[in-house]
Amino acid sequence: MLLMSMVVVEMVMVLLIVVIVVVVVVMVVMMVLVMVMMMIMMVMDVMVVVMMMLMVFVMTVMVEVIVMEVVMLMVKVIAVVMVVIVMLVVIVMGVMMGKMVVMMMVWVMVMGVVMIVMVKVIVDVIMMLMVVMLVKGAMVVIMEVVSGHSCGDGGNAGVGGGACNGGGDLDAGGGMVMVVMVEAVCHVVGDC
669 MLLMSMVVVE
679 MVMVLLIVVI
689 VVVVVVMVVM
699 MVLVMVMMMI
709 MMVMDVMVVV
719 MMMLMVFVMT
729 VMVEVIVMEV
739 VMLMVKVIAV
749 VMVVIVMLVV
759 IVMGVMMGKM
769 VVMMMVWVMV
779 MGVVMIVMVK
789 VIVDVIMMLM
799 VVMLVKGAMV
809 VIMEVVSGHS
819 CGDGGNAGVG
829 GGACNGGGDL
839 DAGGGMVMVV
849 MVEAVCHVVG
859 DC
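Throughout, the numbering used here is defined as the position within the sequence shown, counted from one, plus 668.
Rendered as structure tokens:
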């Protein structure tokens, strides 16, 4: 029975590591895509880039939700299998050895279910935090790009020259792009 408990703990730890790795990989991919979009912004129209960023953001969130649903399905399957196994062991041991062993098996089963529920809560919290960070970062970038695109009186000029030329498009110098990138990273990190 101790061996079964150790197996459950190992499975939970492996599942948690897989979830953390998936979250880190998705966040890195999202940051790389945002940087690529910022570079493309130097040569393309702002609205095209905003639409591309929205598409990338939606696709990334969809992939994350699918991955998290698969992970949660794995957690539920493991929970059902472990509960069935422990119940069978409890029945067999109860018939063979008596009430003390039955109480111990029930305790182990309850602890296993509690561990699985804790993993589910951790996964849910990670998923919510990840979605909040992605939404926050994407909205900050999009709002900075859209608000910086209207030059107005004096405009929102970046480092190294004006952000807009006579036609209202982004300057090739990329001053506005640098400002947007710095402010987006600042808002995502939360250290402004």
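Don't be surprised by glycine CBs; every beta carbon is placed ideally from N, CA and C.
Just so you know, these numbers come straight off a predicted model, no measurement behind them.
Excluding sequence positions up to five before and after valine 781, its CB lies within less than 7 Å of the CB of Ala747, Val751, all in the same chain and listed in chain order.
Here the region 720 to 732 makes no contact with the region 680 to 689; the two share fewer than three CB pairs at distances below 8 Å. Exposed is the label assigned to isoleucine 734, since fewer than 16 other Cβ atoms lie within 10 Å of its Cβ. Closest in C-alpha terms to methionine 681, from the list Met695, Val793, Ile784, Phe725, comes Ile784. Across the structure, valine 745 and glutamate 812 are spaced so that their CA atoms are roughly 44 Å apart.
Valine 754 is positioned such that its CB atom lies no closer than 8 Å to that of methionine 736.
Contact between methionine 740 and valine 799 is ruled out by a C-beta separation of about 15 Å, above the 8 Å threshold.
Taking 8 Å as the upper bound for CB-CB distance, leucine 684 and valine 760 are not in contact here, some 31 Å apart.
Contact between valine 724 and leucine 756 does not hold, since the beta-carbon distance rounds to 48 Å and is not under 8 Å.
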